Amino acid sequence: MLIDTYGRIATDLRVSLTDRCNLRCTYCMPEEGLEWLGKSALLSDDEIVRLIRIAVTGLGVTDIRFTGGEPLLRPGLTGIVERCAALEPRPRMSLTTNGIGLGRTAAALKAAGLDRVNVSLDTLRPEVFKTLTRRGRHADVLAGLAAARASGLTPVKVNAVLMPGLNGDEAPDLLAWAVENDYELRFIEQMPLDAQHGWKRDGMIAAGDILDSLRTRFTLTPEGREARGAAPAERWIVDGGPHRVGVIASVTRPFCAACDRTRLTADGQIRSCLFATEETDLRAALRSGAPDEEIGRIWRRAMWGKKAGSGLDDPAFLQPERPMSAIGG
Ligand code: SAM
Ligand code: SF4
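Residue numbers for the sequence shown follow the numbering used here, beginning at 1 and rising by one.
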């Protein structure tokens, strides 16, 4: 098991498949100038599948989420999913994507064994999308979402980050749209993980503001603690159900005490936390011929050292060097 000194057990593995992306969301990446990892630095498909096998068969991991950068840009994605689906025990597998290209790939991913997707969409307004992501691909995301639902990659969840002055007023519109289209919407508070290090606490829209804004149009009933488990999203039942809306309040209502995550970057580094400033190199062990047991030992040791919390509420908080796109969100 991947247990830490606070007794938390990591069963949810986030695997970043690439640091590259076809969007440039302002809260994540700079417009230009971010250097990509070189090909030899990236784990190969075989290396990724081997590490996932070790995690699933030897370390108690039950859930795999593929992410990035944009994971649909990884040419071997479908093959990786297929090989992981053949593992015993079979992990649950989901994908976090900006949705571009999902129109073409959703059916094949479902056939390969992917269970679910989370698609990131912050706005219903194409022109705001263009400002927020610096690319005019709004229609492609909507097509990707529809394809995911049609292919049975359900429940389709939608992640939205609200930014003041851009889409900060869109929470109720987004929820009405999600309910109508049967997507489960989750708002994510903006975190200090942008490449430009421009995040400011007083410049972000907090969970409380999001809920206030939703309540102007909807009745929200808390789903209750039990339903939440280790899930980062607190959920509310919308207008008596059946639809739900979630808020991931990493900044204002941190959930570190229940965290069940371990992370693997595209270049083979283990991170015990999104906000960790230290990483543990599994790639070097892999490439020096270490057996599975040794890799499992290194992974367990890395997780044992997991800190109690993200440190976000500490005035001495230091933002990780890597931006979200290179950690794997
Ligand atoms: N490219 C894919 C996507 O956008 O879904 C996967 C990677 S992205 C880093 C994963 C999630 O992190 C997205 O939902 C995105 O909105 C979110 N994200 C990125 N930067 C963030 C930040 N600074 N604060 C909060 N969420 C962020
Ligand atoms: Fe790309 Fe996702 Fe970051 Fe947006 S949030 S720039 S889509 S990695």
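Glycine residues also receive a C-beta, built at the ideal position from the N, C-alpha and C atoms. Just so it is clear, the structure is predicted and the values come from calculations on it, not from any experiment.
By alpha-carbon positions, which one of the options ends up nearest to residue i?
i: residue 67; options: 125, 54, 48, 146; result: 48
i: residue 233; options: 219, 256, 290; result: 256
i: residue 236; options: 261, 125, 210; result: 210
i: residue 45; options: 83, 191, 304; result: 83
i: residue 278; options: 288, 290, 285, 265; result: 265
i: residue 258; options: 34, 2, 9; result: 9
i: residue 98; options: 60, 141, 131, 128; result: 141
i: residue 33; options: 24, 149, 40, 273; result: 24
i: residue 30; options: 198, 305, 114, 215; result: 198
i: residue 143; options: 135, 119, 22; result: 119
Looking at the unbroken alpha helix (DSSP H) that takes in residue i, where does it start and where does it end?
i: residue 207; result: 207 to 215
i: residue 220; result: Premise fails: residue 220 lies in the beta strand (DSSP E), 220 to 222, not in any alpha helix (DSSP H).
i: residue 46; result: 45 to 58
i: residue 283; result: 282 to 287
i: residue 299; result: 292 to 304
i: residue 35; result: Here residue 35 belongs to no alpha helix (DSSP H), and DSSP marks it neither H nor E.
Tell me which residues share the same chain as residue i and place their Cβ nearer than 6 Å to its Cβ, disregarding the 5 neighbours each side in the sequence.
i: residue 249; result: 189, 207
i: residue 116; result: 94, 153
i: residue 76; result: 45
i: residue 55; result: 13, 61
Short of 7 Å in beta carbon distance, which residues of its chain neighbour residue i, apart from the five on each side in sequence? Order them along the chain.
i: residue 243; result: 179
i: residue 62; result: 11, 91, 92
i: residue 58; result: 292, 296
i: residue 261; result: 10, 12, 14
i: residue 285; result: 294, 295, 298
i: residue 167; result: 122, 123, 128, 132
Starting from residue i, trace the beta strand (DSSP E) both ways and give me its first and last residue.
i: residue 181; result: Not the beta strand (DSSP E): residue 181 falls in the alpha helix (DSSP H), residues 171 to 181.
i: residue 246; result: 244 to 248
i: residue 160; result: 157 to 160
i: residue 93; result: 92 to 97
i: residue 264; result: 261 to 264
i: residue 140; result: That residue, residue 140, is in no beta strand (DSSP E); its alpha helix (DSSP H) goes 138 to 150.
Could you give the C-beta distance for residue i and residue j, rounded to a whole number, given that I count them as a contact under 8 Å?
i: residue 324; j: residue 251; result: Between residue 251 and residue 324 the Cβ distance is about 14 Å, and since that is not below 8 Å, they are no contact.
i: residue 96; j: residue 329; result: 6 Å
i: residue 160; j: residue 145; result: Actually they do not touch by this definition, with Cβ atoms about 12 Å apart.
i: residue 43; j: residue 72; result: Going by Cβ atoms, the distance from residue 43 to residue 72 rounds to 17 Å, so no, they are not a contact pair.
i: residue 149; j: residue 202; result: Actually they do not touch by this definition, with Cβ atoms about 38 Å apart.
Ignore the nearest five residues each way along the sequence and tell me which others in residue i's own chain have a CB closer than 8 Å to its CB.
i: residue 78; result: 105, 108, 109, 112
i: residue 139; result: 126
i: residue 313; result: 254
i: residue 321; result: 277
i: residue 220; result: 211, 214, 236, 237, 238, 245
Nearer than 7 Å: is that true of the beta carbon of residue i relative to any heavy atom of ligand 3?
i: residue 131; result: The model depicted lacks ligand 3 and carries ligand 1 and ligand 2 instead.
>> Considering only heavy atoms of ligand 2 and the C-beta of each residue, which residues fall inside 7 Å, strictly closer?
In response: 21, 23, 24, 25, 28, 29, 68, 69, 70, 98, 120, 133, 324, 325, 329
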